[in-house]
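Numbering (full-length UniProt numbering), first residue to last: 1 to 58.
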């Protein structure tokens, strides 16, 4: 069983491409420099779109 849907994987992949190009910005407008933060942004955006991603840990 996959944890992420194919569309969610594509969304995260797109965010990672932005990160590698240096175009990814955080909510405060600062440039993202941490790979883990970039992945978290991708998962968050996929979750907002209603794509299949694991539930947020509390």
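Ideal Cβ positions, reconstructed from N, Cα and C, are used throughout, including at glycine.
Residue 53 and residue 46 do touch by the CB rule: their CB atoms are close to 5 Å apart, below 8 Å. Taking 8 Å as the cut-off, the Cβ atoms of residue 17 and residue 25 do not count as close.
Under the criterion of beta carbons closer than 8 Å, residue 49 and residue 11 qualify as touching, at roughly 7 Å. Bounds of any alpha helix (DSSP H) do not take in residue 23, whose DSSP letter is neither H nor E. Scanning 13, 21, 44 and 55 for the CA closest to the CA of residue 27 turns up 44.
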